[in-house]
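> Sharing a structure here in structure tokens format.
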Amino acid sequence: MRGPRSSFVSLLIVSLALAAGGALLAQRGQGGGRGQQANRVEIQEGQECPPGMTEVRHLQCQAPADAAPSIVDYRPRSTVVAPEHLVPKAKYPVVDVHTHVTETAENMPKMTQEMDALNLRVLVNLSGGSDPEQVKRKVDAIKASPYKDRFRVFANVNWNGAGGPGWKEKALADLEQAVKNGAIGLKIFKGLGLSDKKADGSRLHVDDPDLDPIWDLCARLNIPVIIHTADPEEFFQPLDYKNERWLELNVFPGRRYPQDRYPSFEELMKERDAMFAKHPKTRYIAAHFAWYGNDLPRLSKMLDAMPNVYPEVAAVLYEFGRQPHASREFFIKYQDRVLFGKDTYEPSEYPYYWRVFETTDEYFDYYRHYHAFWKLYGMGLPDEVLKKLYFRNALKVEPGLPQSGWPQ
Ligand SMILES: [Zn+2]
292 MRGPRSSFVS
302 LLIVSLALAA
312 GGALLAQRGQ
322 GGGRGQQANR
332 VEIQEGQECP
342 PGMTEVRHLQ
352 CQAPADAAPS
362 IVDYRPRSTV
372 VAPEHLVPKA
382 KYPVVDVHTH
392 VTETAENMPK
402 MTQEMDALNL
412 RVLVNLSGGS
422 DPEQVKRKVD
432 AIKASPYKDR
442 FRVFANVNWN
452 GAGGPGWKEK
462 ALADLEQAVK
472 NGAIGLKIFK
482 GLGLSDKKAD
492 GSRLHVDDPD
502 LDPIWDLCAR
512 LNIPVIIHTA
522 DPEEFFQPLD
532 YKNERWLELN
542 VFPGRRYPQD
552 RYPSFEELMK
562 ERDAMFAKHP
572 KTRYIAAHFA
582 WYGNDLPRLS
592 KMLDAMPNVY
602 PEVAAVLYEF
612 GRQPHASREF
622 FIKYQDRVLF
632 GKDTYEPSEY
642 PYYWRVFETT
652 DEYFDYYRHY
662 HAFWKLYGMG
672 LPDEVLKKLY
682 FRNALKVEPG
692 LPQSGWPQ
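The opening residue of the sequence shown carries number 292 in this note's numbering; numbering runs sequentially from there.
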């Protein structure tokens with residue numbers, strides 16, 4: 292153990308050495324270790340260390356003695372010893388409002404077993420299709436099975452020819468028929484705004500007035516619209532070493548949106564939020580927490596201004612898990628607005644959500660290492676908030692869900 296006296300002595304020695312050795316010592320390191328031959332470089336206030344170096348003391352950079360591992364090879368094991376509360380099964384039954392599995396007579400028996408183990412009561416397949424006959428086949432397969440209360444289907448819209456002659460009439464008629472055929476909502480994929488084109492070849496903006504009748508029809512049919520607009524903001528930013536998603540964008544280069552070919556994140560947010568505001572009677576579910584999970588103040592502002600918008604948590608668990616206190620406050624404040632969704636149906640991954648929402652565990656791993664270089668922390672949400680997040684809000688926003696048999 293180093294006592295205050297020995298600390299003082301070391302400090303004195305270092306001070307003397309620095310005073311005596313001046314620039315030479317600054318280059319060779321403070322010594323005292325086991326023969327460290329480290330290079331030290333001084334920097335100015337506001338500067339960063341050169342590549343390969345780290346700031347070891349205020350304004351002093353040093354390179355590690357060994358070559359530094361790459362970010363894929365550096366896998367430190369945590370030495371934290373703390374209670375673990377794994378949550379294989381959610382505390383209350385759950386509606387997953389965001390999935391893409393097409394249910395068939397073959398896959399439903401196994402899926403419902405997996406869902407029971409997780410306490411997932413209803414899965415909502417957002418990929419019903421834009422052809423009302425296709426929607427009908429999917430709905431009928433569910434209705435003909437013993438699992439008719441476990442699955443629901445959303446319809447889609449075909450944007451081909453949007454704004455051109457006859458497009459609007461067909462899109463509206465197809466959507467209305469799809470709902471008659473059993474669709475309980477409309478899903479809008481991220482192609483709207485990013486890549487879908489109008490009949491005249493121009494980019495189809497999320498807030499294009501040609502789409503207004505679609506949103507109005509959803510209000511009249513009393514069905515929600517779940518919309519995925521843009522992607523994480525970093526996907527639109529330069530791919531440098533400051534980019535939080537550097538690894539992901541290098542493993543999956545197709546996820547980048549080079550700014551010479553795509554609209555900016557802000558442009559897309561502006562269009563979507565204008566569309567939300569213009570249709571206050573339409574209920575919108577903002578998929579992936581509107582991509583504002585890393586900016587909860589911004590999302591607060593939007594939710595305060597637009598009571599028709601409901602954020603859904605699919606694929607952004609890493610945002611809540613890295614700021615559990617702010618997230619907890621947010622989920623409590625907006626407990627009547629938040630919905631559960633997962634996007635990728637992978638039974639092994641759901642328990643990570645349950646653990647973040649239900650426990651106060653600390654410093655545990657996420658299931659996608661390339662997303663989050665950080666650990667997750669639990670939010671410890673109160674039971675009443677969990678119930679709203681897991682099923683109550685979904686039952687309100689999506690009247691086509693099975694409405695009975697839920698806990699009080
Ligand atoms: Zn999705």
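Don't be surprised by glycine CBs; every beta carbon is placed ideally from N, CA and C.
1. Using the C-alpha atoms, what's the distance from D595 back to A665?
2. From A358 to Y583, what does the alpha carbon distance come to, in whole angstroms?
3. Given 7 Å as the limit, tell me if L417 has its C-beta closer than that to any heavy atom belonging to ligand 1.
4. For D595, report the span of its alpha helix (DSSP H) as first-last.
5. Does DSSP put A446 in a helix, a strand or coil?
6. If I measure Cβ to Cβ from A311 and keep anything under 8 Å in the same chain, skipping five residues before and after, which residues do I get?
7. In whole angstroms, what is the alpha-carbon distance linking A605 and R348?
8. Within the continuous alpha helix (DSSP H) that includes L485, where are the two ends?
9. Can you tell me whether DSSP reads A408 as helix, strand or coil?
10. To the nearest angstrom, how far is it from the Cα of H570 to the Cα of L512?
11. Could you give the uninterrupted runs of the alpha helix (DSSP H) lying entirely in the region 420–508, keeping only those of 4 residues or more?
12. Kindly indicate which three-state DSSP category G671 falls into: helix, strand or coil?
13. Would Y532 be called buried (16 or more neighbouring beta carbons within 10 Å of its own) or exposed?
14. For H616, count neighbouring C-beta atoms within 10 Å of its own C-beta (all shown protein chains included) and say buried if the count is 16 or more, exposed if not.
15. Count the other CB atoms within 10 Å of the CB of F526; is the residue buried (16 or more) or exposed (fewer)?
16. Mind checking whether the beta-carbon of H389 lies closer than 7 Å to any heavy atom of ligand 1?
17. What are the residues that DSSP puts in a beta bridge with T390?
18. Per DSSP, which residues does Q351 bridge with? Please list them.
19. Give the range of the beta strand (DSSP E) segment to which P690 is assigned.
20. For ligand 1, any of its heavy atoms closer than 7 Å to the Cβ of H496?
21. With a CB to CB cut of under 8 Å and the five nearest residues on each side skipped, what residues in its chain are close to A704?
22. Comparing alpha-carbon positions, which option in Q528, E562, W450 lies nearest D551?
23. Would you decide whether Q694 is buried or exposed? Buried here means 16 or more other CB atoms lie within 10 Å of its CB.
24. What residue range is occupied by the uninterrupted alpha helix (DSSP H) comprising P642?
25. What's the C-alpha gap between L377 and E603?
26. In three-state DSSP terms, what is F543?
27. State the start and end residues of the unbroken alpha helix (DSSP H) segment that holds Y609.
28. Rounded to the nearest angstrom, what separates P523 and V629 at their Cα positions?
29. Give the secondary structure of R683 by DSSP, where H, G and I count as helix, E and B as strand, and everything else as coil.
30. When the Cα atoms are used, what is the spatial distance from A510 to L477?
According to the data block:
1. Position 374 of the sequence shown holds residue 665. Position 304 of the sequence shown holds residue 595. Contrary to the premise, residue 665 reads as Trp rather than Ala in this sequence. Taking the straight line joining both Cα atoms gives about 30 Å.
2. Numbered from its first residue, the sequence shown carries residue 358 at position 67. Numbered from its first residue, the sequence shown carries residue 583 at position 292. Using only the alpha carbons, I get a separation of about 38 Å.
3. Indexing the sequence shown from 1 puts residue 417 at position 126. Checking the Cβ of L417 against ligand 1 gives yes.
4. Residue numbering aside, residue 595 sits at position 304 when the sequence shown is read from its first letter. D595 -> alpha helix (DSSP H) spans 587–596.
5. Mapped onto the sequence shown, residue 446 falls at position 155. The answer is strand: DSSP assigns A446 an E or B state.
6. Start at 1 with the first residue of the sequence shown, and residue 311 comes out as number 20. In this prediction, A311 has a pLDDT of 35, which is less than 50 and means its spatial position is unreliable; what the coordinates show is noted afterwards. Counting only Cβ-Cβ distances below 8 Å, and skipping sequence neighbours, we find nothing.
7. One-based indexing of the sequence shown puts residue 605 at position 314. One-based indexing of the sequence shown puts residue 348 at position 57. The straight-line gap from Cα to Cα measures roughly 41 Å.
8. What you label residue 485 is simply residue 194 of the sequence shown in a count that begins at 1. Taken as a continuous stretch (DSSP letters only), the alpha helix (DSSP H) holding L485 covers 482–485.
9. As a first step, residue 408 is located in the sequence shown; it is residue number 117 there, counting from the start. A408 falls in the helix class under three-state DSSP.
10. Translated into the one-based positions of the sequence shown, residue 570 becomes position 279. Translated into the one-based positions of the sequence shown, residue 512 becomes position 221. If I take the Cα positions, the gap works out to 14 Å.
11. 423–434, 458–471, 482–485
12. Counting from one through the sequence shown, the residue named residue 671 turns up at place 380. G671 falls in the coil class under three-state DSSP.
13. Walking along the sequence shown from the start, residue 532 turns up at place 241. Per the 10 Å Cβ criterion, exposed.
14. As a first step, residue 616 must be located in the sequence shown, where it is residue number 325. Label assigned to H616: exposed.
15. Residue 526 sits at position 235 when you count from the first residue of the sequence shown. When all chains shown are included, F526 counts as buried.
16. One-based indexing of the sequence shown puts residue 389 at position 98. Yes, Cβ of H389 sits closer than 7 Å to a heavy atom of ligand 1.
17. To locate residue 390, count along the sequence shown from 1; it is residue 99. Answer is N416, D634.
18. Along the sequence shown, one-based indexing puts residue 351 at 60. Answer is E333, R348.
19. On the sequence shown, position 399 is the one that residue 690 refers to. Premise fails: P690 is in no beta strand (DSSP E) and is neither H nor E.
20. Reading the sequence shown from its first residue, position 205 is the one you call residue 496. Incorrect: H496 has no Cβ contact closer than 7 Å to ligand 1.
21. Residue coverage of the chain in this structure runs from 292 to 699, which leaves residue 704 outside it and unanswerable.
22. As a position in the sequence shown, residue 551 is number 260, starting the count at 1. Comparing Cα-Cα distances from D551 to each of Q528, E562, W450, the minimum goes to Q528.
23. The residue you call residue 694 lines up with position 403 of the sequence shown. When all chains shown are included, Q694 counts as exposed.
24. Residue mapping note: residue 642 aligns to position 351 of the sequence shown, counting from 1. Note, P642: alpha helix (DSSP H), 641–649.
25. If you number the sequence shown from 1, residue 377 lands on position 86. If you number the sequence shown from 1, residue 603 lands on position 312. Near 23 Å, if we compare the C-alpha coordinates of E603 and L377.
26. If you number the sequence shown from 1, residue 543 lands on position 252. Looking at F543 - three-state DSSP - the assignment turns out to be coil, as it is neither helix nor strand.
27. By one-based count along the sequence shown, residue 609 stands at place 318. Y609 -> alpha helix (DSSP H) spans 608–613.
28. Translated into the one-based positions of the sequence shown, residue 523 becomes position 232. Translated into the one-based positions of the sequence shown, residue 629 becomes position 338. Near 19 Å, if we compare the C-alpha coordinates of V629 and P523.
29. The residue labelled residue 683 in the question sits at position 392 within the sequence shown. If DSSP states are grouped into helix, strand and coil, R683 belongs with the helices.
30. Here residue 510 corresponds to residue number 219 of the sequence shown, with the count starting at 1. Here residue 477 corresponds to residue number 186 of the sequence shown, with the count starting at 1. Cα-Cα distance, rounded: 11 Å.
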